[in-house]
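*Asks:* Chains as they are written, first to last, in this note's numbering: chain C, 1 to 618; chain Z, 619 to 1069.
Quick reminder that beta carbons are idealized off the backbone N, C-alpha and C, glycines included.
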Amino acid sequence: MEFVASYDAVVIGSGHAGCEACLALSRLNKKTLLTTLNLDSIAFLACNPSIGGTAKGQLAQEVDALGGEMGVNTDKSVLQLRMLNSGKGPAVQSLRAQVDKIVYHTKMKQTLEHQKNLEILQGEVAEILTKNGKVIGIKTALNECFACKVVVVATGVYLNSSVIIGDFKKSSGPNGYEPSTLLTSSLKKLGIPLRRFKTGTPARVDGKTIDYSKFELQPGENNYSFSYLDKPKKSKLPCHLGYTSTAMHDYIRQNIHLAPLYSGKIEGIGPRYCPSIEDKIMRFADKERHQLFLEPESTSTDEVYVQGISSSMPANVQRNMYRLIPGFENVKIMRFAYAIEYDCINATALKSSLESKSVNGLFFAGQINGTSGYEEAAAQGIMAGINAARYLNNLPAVVLGRDQAYIGVLIDDLVTKNITEPYRMMTSRAEYRLTLRQDNCDIRLTELGHDIGLVTNKRYKLYKQKLLQIKKVTDALSCMKNPQQLESLFKQKSESLPKSGLTLKECIKRNNITIFDIAKHFNLFKDISPSVLEYVNTEIKYEGYIKNEQDLINKNKKLDNISMPNLDYNTLAGLRKEARQKLNDIRPSTIGQARRIDGVSPSDINVLLVYLKLHGKI
Amino acid sequence: MDTVVALATPPGNSGVAIIRISGEGAYSILQKLTKSKQKFIPRYMYLKKIYFKNASDDALVVFFAAPNSYTGEDVVEIHAHGGYHLAQMIIDACLQFGATMAGAGEFSKRAFLNGKLTLDQAEGIMDIINAESDMQISMGSKLLNGQLVEIIANQANKLTDIIAEIEAKLDYPEYEFSAQETSNVQQNLAFIIDDLRALLNTSKNGQIIKNGVKVALVGAPNVGKSSLLNALTNTNKAIVTEIAGTTRDVIDAEYQFNGIIFRLFDTAGIHESADKVEQIGIERAKQTLNDADIVLLISDSDNICTLNTPKPIIKVFNKSDLYTPTQHADTTNKTKTTNKNVALHNTLDGYIYVSALTGENLDKLKQQIFDLTVNKQIDGNAFYLTNARHIQCVSKAIELLLQAKQTFATTTLDITANLLKSAWQSLGEITGVTSDEAIIDRIFSKFCLGK
Ligand SMILES: Nc1nc2c(ncn2[C@@H]2O[C@H](COP(=O)(O)OP(=O)(O)OP(=O)(O)O)[C@@H](O)[C@H]2O)c(=O)[nH]1
Ligand SMILES: [Mg+2]
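See below:
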């Protein structure tokens, strides 16, 4: 075999996972080749023009804290920023950005082009070449071979994908892009288990044909930026909120037999959290109307994304039903909604490093692993990139804990649980979400990112400054105030006045008093950034709850620290049959992971613990 | 694990004694005991000669191969003729062949460790093993049958609905609680708290079922306390003499009544004493009084005692046989057949007249003790929380739910969600299911959410 060129790493696919993976590798000084089916689809936002949202905002900011690109690129292309759930508590607050999808693509493409150690090549990868169970290179559809020691597969929804609109079904990637038809059989040959998933996207309509007066305005906010590196951004464009109508529901019900999902045309498993409008109407028959959001796609186009109304109905049905939305009476569809089916792998075939259990040097990241969403993809991309680089350096993998990052929850779920639908991150998947807040992403991860080598000096300096500021504020808050000094503030906030003095910290523990009130009243913290104050405020107000969570983490950590030897679970008589099978399939690396496998019961865990104890492993 | 042996039937004389051997060596011990090389097919009974010391005896033997046995290990059972001595000799032979003596509950422990029993089933069995009264055994078997799991699962299930509703609001910011939904959540939480509290209240009865009722016998010297203890428990545990000050240390014995165990504590007669030993005994009597659930204050015609205690008290007048039968029926006008002065007792009200000697009215006394201590609602068909771990889990869940109910009104939703999840996990520690997938599944089956 003749190799055209030789690299340390090849990343297949330039979506959100591929971009983070190739940037991590090249920034860690690995000579990297990024291959993509189409250079114009780099960092393409195939579904909604938005980054972040509940749990996803945390993921994107964790990627940022580790030294990834998603947050920075979002700030470069932001149209609007909003803090979601601000009334529901710090554990679930998340930032969400509307971005200009054209700018998002071009800015990311530029970043990749300017990155040292990184080359970009348009082309389809046909085969992953291995020798003795190790990656040695790739072969393209044009029959060129490139040598490399690691491959990161980040092919998104492009593997053998088909687009479905009513009766129409065509082999195609998203948005008319070419699918990748050759790689699936190479993966099969390597023994990677494959499955078929489905997702969908709503129509894009001409903004000039919308009667916005029938929608509710949703303006953005101006105090935020996505990346810790950036200054707050101004929101440029609003979104709009509207509703479906009963007329629309009736019309869809009359035509339900034309829906591919109901006629059996779609076999892939779709996500429950992102159902098509026909699905919502059939499943939740008693709901009279559903919410929808209008999101601008870019300042350089009139196209508008209609969030909430994804569909795979035939074209004429789509046209008629969209017009039954109040404000859409004269709407013109520019791109039809479609469903898309694609091959993805069963990620339980991966280690927690995202490396294949069977082929050394073969990593997987993004939607190919059965996830959905840009942020989930980016999170896996950066971890696959980091671990591929560490594999090349013979260093142990970096595996984030479930108590350390949403990224840790995401990857642990993927490699442990048998995911049966596209996996979307939600705050309810995290058992320690009071710890995994967005206001402490950098505190949780930047030191680690620095050790890994991805955090730039600029970011690290900002982070150190933040730590100093936090210390300064915390020290200042231990200052004691006597009742006279507190009287006017406490009266104003209708808090009962204490008999003896209080520290400022104790004042903040009062329900109606925040650190910002203290700062104002005592004329403090003029030189401290609001995000630092916010962080300290949360840490004080929720101190008790955070401590309880920490106790729980420590308790569970004990189980996570018990590592499992390589066992044939069939020999353990006490295990139930299902547990034996699942344990043999997934081969958990710790008792903690074994515990999270569904089908493994608490009594099975006891059997394992007893076995380990008897054999002196604990 | 090493191979263990123990008598599986109660010690003492019985028709059959079953000796159980569990562990890797069970099969080879069986071969050695029977001096036979034959193959024992699992779950088949064989009539074999068992050899021990210099003797032998016929017995039925059966072998269960792992994992299809009670403990999940290889198990051998030997059904020998009853009699303490014979069983002991067979066990000695097993010990010689390499087995070790099983600790209390060891077989169940192994069954649990081998995944044969869930935690609460195992706890049920442990309760049965330790059970002495009928009621206790029935509670243990209810645990074993998963009745507790069912009750708890039912509450956990209701809680899952509430959690799912809150989580949906957290993961989908565009949805907020309406006033109606808020009051529904408050109300449903209150229902769950009430139900769990009712369950926890049964634990008071549950404790009685499990630990029995403590009854203290107190009174002046020589009134017949020790005689009553012996008569009520049908034993000879306490020494009886006509000398005042016989009992020094606390003596206990027990009887069963209506399926409940009553533990009687006989004490030194309380009076001014110069005897050092007796003084200590009197101190102990006072201590026993403090620990008791109920006090029997015993008097006779020589000594009418009074006592100041917040505990339930039954005033007992002993030695009723010393009165003539006719006069005896009329409690206001008693005359004794002895020449002692009885005028004193004409005014005595609220006494129960018994005789330790003849057993008169002892059943009536037992009934009174039962009525005053055991809640009348105790009912063999109902469920009572008896296990300390279960009581702890349920109280913790209640405490967390109360906190959640409060934070739901005053603090941010994320905190309420956390508290509810912890409460849910507490309940899950009883049922053995606390996977978060369950909540997520519920969110999707109940709510229409989409991006
Ligand atoms: N006739 C009659 N004699 C009784 C009865 N109960 C107890 N006696 C006698 O009363 C005497 C004292 O009995 P005990 O049971 O030793 O009395 P006690 O209250 O335990 O005495 P101390 O341990 O010394 O405090 C003994 O001689 C008993 O035989 C009864 O019901 N009828
Ligand atoms: Mg006595």
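Let me know the secondary structure DSSP gives Gly-408(C) once reduced to three states.
*Replies:* In the first sequence, residue 408(C) corresponds to position 408, counting from 1. Helix at Gly-408(C).
*Asks:* For Glu-581(Z), is the classification buried or exposed, using 16 other Cβ atoms within 10 angstroms of its Cβ as the cut-off for buried?
*Replies:* Residue 581(Z) lies beyond the range of chain Z shown here (619 to 1069); nothing can be said about it.
*Asks:* Looking at Gln-61(C) and Gln-438(C), is the spacing between their C-beta atoms short of 8 angstroms?
*Replies:* What you label residue 438(C) is simply residue 438 of the first sequence in a count that begins at 1. What you label residue 61(C) is simply residue 61 of the first sequence in a count that begins at 1. Contact flag set, yes.
*Asks:* Which of helix, strand or coil does DSSP assign to Arg-429(C)?
*Replies:* The residue given as residue 429(C) occupies position 429 in the first sequence. In the three-state DSSP reduction, Arg-429(C) falls in the helix class (H, G or I).
*Asks:* With DSSP run on the structure shown, which of helix, strand or coil describes Gly-863(Z)?
*Replies:* Residue 863(Z) sits at position 245 when you count from the first residue of the second sequence. If DSSP states are grouped into helix, strand and coil, Gly-863(Z) belongs with coil.
*Asks:* Any idea if Met-1(C) is buried or exposed, counting beta-carbon neighbours within 10 angstroms, 16 or more meaning buried?
*Replies:* Taking the first sequence and counting its residues from 1, the one referred to as residue 1(C) is at position 1. That one is exposed.
*Asks:* Just checking Ser-891(Z) against ligand 1 - is the residue's beta carbon closer than 7 angstroms to any of the ligand's heavy atoms?
*Replies:* On the second sequence, residue 891(Z) is found 273 positions in, with the first residue counted as 1. No; taking the cut-off as 7 angstroms, the Cβ of Ser-891(Z) has no heavy atom of ligand 1 nearer than that.
*Asks:* So what's Gly-242(C) in DSSP terms, helix, strand or just coil?
*Replies:* As a first step, residue 242(C) is located in the first sequence; it is residue number 242 there, counting from the start. Note: Gly-242(C) maps to strand in three-state DSSP.
*Asks:* In angstroms, rounded to a whole number, what distance separates the CA positions of Tyr-873(Z) and Ser-640(Z)?
*Replies:* Translated into the one-based positions of the second sequence, residue 873(Z) becomes position 255. Translated into the one-based positions of the second sequence, residue 640(Z) becomes position 22. Between Tyr-873(Z) and Ser-640(Z), the C-alpha separation is close to 34 angstroms.
*Asks:* Could you have a look at Cys-145(C) and say whether DSSP puts it in helix, strand or coil?
*Replies:* Here residue 145(C) refers to the residue found at position 145 of the first sequence. Three-state result, Cys-145(C): strand.
*Asks:* What is the residue span of the beta strand (DSSP E) that Asp-343(C) lies within?
*Replies:* Position 343 of the first sequence, counted from the first residue, corresponds to residue 343(C). Counting along the chain, the unbroken beta strand (DSSP E) around Asp-343(C) starts and ends at 338–345.
*Asks:* Checking contacts by CB at 8 angstroms: is Tyr-545(C) closer than that to chain Z?
*Replies:* For this step, residue 545(C) is matched to residue 545 along the first sequence. By this cut-off, Tyr-545(C) is an interface position.
*Asks:* Which residues in chain C sit within 7 angstroms of Pro-791(Z), going by Cβ to Cβ distance?
*Replies:* By 1-based counting over the second sequence, the position of residue 791(Z) is 173. Per Cβ cutoff of 7 angstroms: Thr-54, Leu-84, Asn-85.
*Asks:* Can you tell me whether Met-383(C) is buried or exposed? The criterion is at least 16 other CB atoms within 10 Å of its CB, across all chains shown.
*Replies:* For the purposes of this step, residue 383(C) is taken as residue 383 along the first sequence, with counting starting at 1. Counting the other CB atoms within 10 Å of its CB gives Met-383(C) a total of 16 or more, which places it among the buried residues.
*Asks:* Going by the beta-carbon positions, is the gap between Val-359(C) and Thr-571(C) smaller than 8 angstroms?
*Replies:* Position 359 of the first sequence, counting from 1, holds the residue named residue 359(C). Position 571 of the first sequence, counting from 1, holds the residue named residue 571(C). No. Outside cutoff.
*Asks:* Is the CB-CB distance between Ser-310(C) and Lys-101(C) below 8 angstroms?
*Replies:* Your numbering for residue 310(C) matches position 310 in the first sequence. Your numbering for residue 101(C) matches position 101 in the first sequence. No, the Cβ-Cβ distance between Ser-310(C) and Lys-101(C) is not below 8 angstroms.
*Asks:* Classify Met-707(Z) as helix, strand or coil using the three-state DSSP reduction.
*Replies:* Here residue 707(Z) refers to the residue found at position 89 when the second sequence is read from its first residue. Per DSSP, reduced to three states, the secondary structure at Met-707(Z) is helical.
*Asks:* Ignore the nearest five residues each way along the sequence and tell me which others in Asp-939(Z)'s own chain have a CB closer than 6 angstroms to its CB.
*Replies:* Here residue 939(Z) refers to the residue found at position 321 of the second sequence. Same-chain partners within the cutoff: Ser-973, Leu-975, Thr-976.
*Asks:* I'd like to check one pair, Ala-21(C) with Ala-347(C): are the Cβ atoms closer than 8 angstroms?
*Replies:* Position 347 of the first sequence holds residue 347(C). Position 21 of the first sequence holds residue 21(C). No, the pair does not count as a contact, with Cβ atoms beyond the cut-off.
*Asks:* Tell me which residues share the same chain as Ser-601(C) and place their Cβ nearer than 8 angstroms to its Cβ, disregarding the 5 neighbours each side in the sequence.
*Replies:* On the first sequence, residue 601(C) is found 601 positions in, with the first residue counted as 1. Arg-576, Ala-579.
*Asks:* Taking Gly-89(C) as the query, report the chain Z residues whose CB atoms sit under 7 angstroms from its CB, ordered along the chain.
*Replies:* As a working mapping, residue 89(C) is identified with position 89 in the first sequence. Those are Thr-1030, Leu-1031, Asp-1032, Ile-1033, listed as they occur along chain Z.
*Asks:* I'd like to confirm the pairing. Which residues does DSSP put opposite Asn-360(C) in its beta bridges?
*Replies:* To locate residue 360(C), count along the first sequence from 1; it is residue 360. BP columns for Asn-360(C) point to Lys-134(C).
*Asks:* Whole angstroms are fine: how far does the CA of Ile-668(Z) sit from the CA of Leu-678(Z)?
*Replies:* Along the second sequence, read from residue 1 onward, the residue named residue 678(Z) stands at position 60. Along the second sequence, read from residue 1 onward, the residue named residue 668(Z) stands at position 50. Going by the C-alpha atoms only, they are around 9 angstroms apart.
*Asks:* Are the C-beta atoms of Asn-607(C) and some chain Z residue less than 8 angstroms apart?
*Replies:* Here residue 607(C) corresponds to residue number 607 of the first sequence, with the count starting at 1. Sequence check: residue 607(C) is Val here, not Asn. True, the Cβ-Cβ gap to chain Z drops below 8 angstroms.
*Asks:* Would Ala-634(Z) be called buried (16 or more neighbouring beta carbons within 10 Å of its own) or exposed?
*Replies:* Along the second sequence, read from residue 1 onward, the residue named residue 634(Z) stands at position 16. Sequence check: residue 634(Z) is Val here, not Ala. So Val-634(Z) ends up on the exposed side.
*Asks:* Ligand 1 and Lys-904(Z): does any heavy atom of the ligand fall closer than 7 angstroms to the residue's C-beta?
*Replies:* Sequence index remark: in the second sequence, residue 904(Z) carries index 286 (1-based). No, the Cβ of Lys-904(Z) stays beyond 7 angstroms of every heavy atom of ligand 1.
*Asks:* So is the beta-carbon of Ser-917(Z) under 7 angstroms away from any non-hydrogen atom of ligand 1?
*Replies:* The residue you call residue 917(Z) lines up with position 299 of the second sequence. The answer is no for Ser-917(Z).
*Asks:* If we define contact as Cβ-Cβ less than 8 angstroms, is Glu-785(Z) a contact residue for chain C?
*Replies:* Along the second sequence, one-based indexing puts residue 785(Z) at 167. Output row for Glu-785(Z): interface = yes.
*Asks:* Of all the CB atoms in chain C, is at least one closer than 8 angstroms to the CB of Asn-926(Z)?
*Replies:* Here residue 926(Z) corresponds to residue number 308 of the second sequence, with the count starting at 1. Closer than 8 angstroms: no.
*Asks:* Residue range of the alpha helix (DSSP H) that Ser-162(C) falls in?
*Replies:* Position 162 of the first sequence, counted from the start, is the residue given in the question as residue 162(C). No alpha helix (DSSP H) holds Ser-162(C); the beta strand (DSSP E) holding it covers 162–165.
*Asks:* Which ranges would you report for the beta strand (DSSP E) in the segment 61–88 of chain C if only whole runs of at least 3 residues count?
*Replies:* 78–84
*Asks:* If contact is defined by three or more beta carbon pairs under 8 angstroms, each pair taking one atom from either stretch, is the segment 172–192 of chain C in contact with the segment 145–160 of chain C?
*Replies:* yes
*Asks:* Among the residues of its own chain, which have a CB less than 8 angstroms from the CB of Leu-818(Z), if the five just before and after it don't count?
*Replies:* Against the second sequence, residue 818(Z) aligns to sequence position 200. Taking Leu-818(Z) as the centre and dropping the five residues before and after it, the same chain places the C-beta of Leu-1003, Ile-1009, Val-1012, Ser-1013, Ile-1016 closer than 8 angstroms to its C-beta, in chain order.
*Asks:* Assuming contact is defined by CB atoms lying nearer than 8 angstroms, are Arg-881(Z) and Val-831(Z) in contact in what I supplied?
*Replies:* Here residue 881(Z) refers to the residue found at position 263 when the second sequence is read from its first residue. Here residue 831(Z) refers to the residue found at position 213 when the second sequence is read from its first residue. The Cβ atoms of Arg-881(Z) and Val-831(Z) lie closer than 8 angstroms to each other.
*Asks:* Taking 8 angstroms as the CB-CB cut-off, is Asn-1036(Z) touching chain C?
*Replies:* Stepping through the second sequence from its first residue, residue 1036(Z) is reached at position 418. Closer than 8 angstroms to some Cβ of chain C, the Cβ of Asn-1036(Z) qualifies, so yes.
*Asks:* Which full runs of the alpha helix (DSSP H) of 4+ residues lie inside the segment 637–684 of chain Z, going along the chain?
*Replies:* 644–652
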